[in-house]
Amino acid sequence: MVLLRRRRGVFVLVSLIAAATVSFNVFNALVHHTNDSREQTMVRDVHPRTRRRTTPRTAPGTTLRRYEKFRRPVVLIMSQMRSGSSFAAEIFNQHPGAFYVFEPLWAVSFLSNGTYNSDVWRRDMLTALMTCRFDGLEKFLWFYLNDENFYVFTKSQALLDVCKKFSKPGNITEPCPIPRSVLASVLGRSCHAKNFTVIKTIRVKDIDLIRSTLENIGNEVELKIIHLVRDPRATIASRMGVFDQGKSYADLNVKNKNYGIYGLCREALRNMQPKSGTSSFLRDRYALVRYEDIIRDIAEMAKRLYNFTGVPIHRDVLRWIQLNTNVEDVDAGPFSRKRNAKEAANHWRTRLSFAQVKTIQGYCAEAMRLLGYRFITDDAMLKNMSASLLGELNQDVMVIQ
Numbered sequence: 001m002v003l004l005r006r007r008r009g010v011f012v013l014v015s016l017i018a019a020a021t022v023s024f025n026v027f028n029a030l031v032h033h034t035n036d037s038r039e040q041t042m043v044r045d046v047h048p049r050t051r052r053r054t055t056p057r058t059a060p061g062t063t064l065r066r067y068e069k070f071r072r073p074v075v076l077i078m079s080q081m082r083s084g085s086s087f088a089a090e091i092f093n094q095h096p097g098a099f100y101v102f103e104p105l106w107a108v109s110f111l112s113n114g115t116y117n118s119d120v121w122r123r124d125m126l127t128a129l130m131t132c133r134f135d136g137l138e139k140f141l142w143f144y145l146n147d148e149n150f151y152v153f154t155k156s157q158a159l160l161d162v163c164k165k166f167s168k169p170g171n172i173t174e175p176c177p178i179p180r181s182v183l184a185s186v187l188g189r190s191c192h193a194k195n196f197t198v199i200k201t202i203r204v205k206d207i208d209l210i211r212s213t214l215e216n217i218g219n220e221v222e223l224k225i226i227h228l229v230r231d232p233r234a235t236i237a238s239r240m241g242v243f244d245q246g247k248s249y250a251d252l253n254v255k256n257k258n259y260g261i262y263g264l265c266r267e268a269l270r271n272m273q274p275k276s277g278t279s280s281f282l283r284d285r286y287a288l289v290r291y292e293d294i295i296r297d298i299a300e301m302a303k304r305l306y307n308f309t310g311v312p313i314h315r316d317v318l319r320w321i322q323l324n325t326n327v328e329d330v331d332a333g334p335f336s337r338k339r340n341a342k343e344a345a346n347h348w349r350t351r352l353s354f355a356q357v358k359t360i361q362g363y364c365a366e367a368m369r370l371l372g373y374r375f376i377t378d379d380a381m382l383k384n385m386s387a388s389l390l391g392e393l394n395q396d397v398m399v400i401q
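Heads up: the sequence shown is residues 1 to 401, going by UniProt numbering.
#1: Can you give me the C-alpha to C-alpha distance between K247 and M240, rounded to a whole angstrom?
#2: Report all residues from its chain with a CB closer than 7 Å to the CB of T154; omit the five preceding and five following residues, and keep chain order.
#3: Cβ atoms of V101 and T235: under 9 Å apart, would you say?
#4: From this set, R72, F134, M78, F70, which residue's C-alpha is nearest Q286's C-alpha?
#5: What are the residues that DSSP puts in a beta bridge with T213?
#6: To the nearest angstrom, how far is it from the Cα of P96 to the Cα of G170?
#7: What are the start and end residues of the alpha helix (DSSP H) that includes T201?
#8: Please determine if the stretch 125-143 and the stretch 184-196 are in contact, where contact requires at least 3 C-beta pairs separated by less than 8 Å.
#9: Are the CB atoms of V74 and V221 nearer to each other than 9 Å?
#10: Is it the case that the Cβ atoms of L288 and M398 are separated by a distance below 9 Å?
#11: Just the Cα atoms here: how many angstroms apart are G277 and T377?
#12: Please state whether the Cβ-Cβ distance between Q80 and L352 is less than 9 Å.
#13: So, with DSSP's three-state summary, where would you put L252?
#14: Is N271 closer than 9 Å to I207 when the C-beta atoms are compared?
#15: Output yes or no for whether 9 Å exceeds the beta carbon distance between W320 and R233.
#16: DSSP on N387, reduced to helix/strand/coil?
#17: I295 and A344 look like a contact to me (Cβ under 8 Å); what is the Cβ gap, rounded to whole Å?
#18: Quick check on the DSSP output: the beta strand (DSSP E) that includes K224 runs from which residue to which?
#19: Counting C-beta neighbours from all protein chains within 10 Å, is the total for Q401 16 or more, i.e. buried, or is it exposed?
#20: Which same chain residues end up closer than 8 Å to L209 when comparing Cβ atoms and leaving out the 5 residues on each side of it in sequence?
#21: Determine the closest residue to T299 out of D284, D316, R283, with distance taken between C-alpha atoms.
#22: Below 9 Å between beta carbons: does that hold for L76 and K224?
#23: DSSP on M240, reduced to helix/strand/coil?
#24: Leaving aside the five residues before and after S156 along the sequence, list all residues of the same chain whose C-beta is less than 7 Å from its C-beta, in chain order.
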């Protein structure tokens with residue numbers, strides 16, 4: 001009898017333990033379900049600008065490496081007017097995964113007759129572009145996309161695609177008629193839908209602006225800065241052709257303030273980064289490239305540029321290079337994105353006189369020596385197209401490898 005009671009006691013104890021275990025598991029599952037639901041609700045409630053994708057969407061034809069925590073790749077091409085930046089940037093615009101933005105700081109410079117022309121607004125615009133968050137900048141964005149003098153959206157495949165979605169037959173007053181009320185969110189979604197961002201600008205006069213922009217962003221993007229330079233003699237000759245179209249070069253003074261000879265090489269020197277003593281924020285982020293090196297072997301340099309950015313090159317880029325870099329008309333227009341490489345490299349030598357060349361060399365001697373541009377010593381050397389003017393870059397300059 002006692003044994004029977006003991007067995008009953010053990011049975012009851014085991015039953016109680018089993019019941020407690022089942023209850024605990026059910027309760028734990030309910031808690032996890034509730035927490036998961038809350039987390040899903042929280043994700044839905046987060047503003048689209050603040051969400052982070054853990055991995056990028058990848059355009060067909062490329063394979064972006066996966067990151068444990070995805071930091072958006074951003075390529076900033078900084079240069080000066082008439083230094084070949086439109087052509088160089090087109091190498092990235094042709095990538096179907098690129099959110100390419102052509103001269104966005106133009107809007108900051110010219111909106112309301114220059115009212116907002118300051119580094120504070122330039123920093124905010126760069127921050128928005130790098131992070132795909134455009135709230136508060138609608139007035140700049142609308143002006144940028146719809147000013148008929150600039151007609152900027154036609155220069156970016158990504159912006160052209162998004163503007164076309166809102167186009168209406170017969171609307172000629174608004175080239176990109178995205179309603180202002182949704183402009184920031186539409187551009188934000190378009191930006192996030194691409195693998196990486198590319199910003200091309202001639203309006204970063206001091207690289208310290210990039211430093212303050214990165215401080216504003218934090219560790220959110222993987223920024224690469226391509227500092228594009230060009231032979232200053234070629235740059236000045238090109239500016240002369242833009243500002244004084246139809247006039248004889250022989251009648252033009254290279255010191256004309258419109259040509260910017262005084263600041264051209266000072267700016268290049270200020271932003272040029274040496275290997276020794278480079279600030280930490282630029283280390284592994286900055287590389288200089290000469291326009292002449294690009295057009296000498298465009299396909300090879302395109303691969304090296306992409307390798308520097310960490311973004312795989314796309315077959316569409318290589319196809320565009322093959323089709324668009326041997327055009328016959330070297331004078332296709334001052335803002336053409338096509339090039340006959342052999343003609344483009346030396347075209348300025350047929351336009352400038354030796355006296356004009358000497359003046360430019362006098363203002364730009366230090367920059368030319370560091371950048372490996374050979375000095376012209378007489379008129380015969382100027383006209384001798386077989387005499388290369390491209391030497392070795394100074395070994396201390398951080399260049400594309």
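Note that the Cβ used here is the ideal one computed from N, Cα and C, for glycine as well.
Reading off the structure:
#1: 9 Å
#2: L160
#3: no
#4: Just to set this straight, residue 286 is Tyr in the shown sequence, not Gln. Closest by alpha carbon: M78.
#5: Answer is none; T213 lacks a bridge partner.
#6: 29 Å
#7: Premise fails: T201 lies in the beta strand (DSSP E), 196-201, not in any alpha helix (DSSP H).
#8: yes
#9: yes
#10: yes
#11: 34 Å
#12: no
#13: coil
#14: yes
#15: no
#16: Note that residue 387 is Ala in the sequence shown, not Asn. Note: A387 maps to coil in three-state DSSP.
#17: 6 Å
#18: 221-229
#19: exposed
#20: D119, R122, R123, L126
#21: Strictly speaking, residue 299 in this sequence is Ala, with Thr absent from that position. Among D284, D316, R283, the Cα nearest to that of A299 belongs to D316.
#22: yes
#23: helix
#24: N93, Y100, V101, F102
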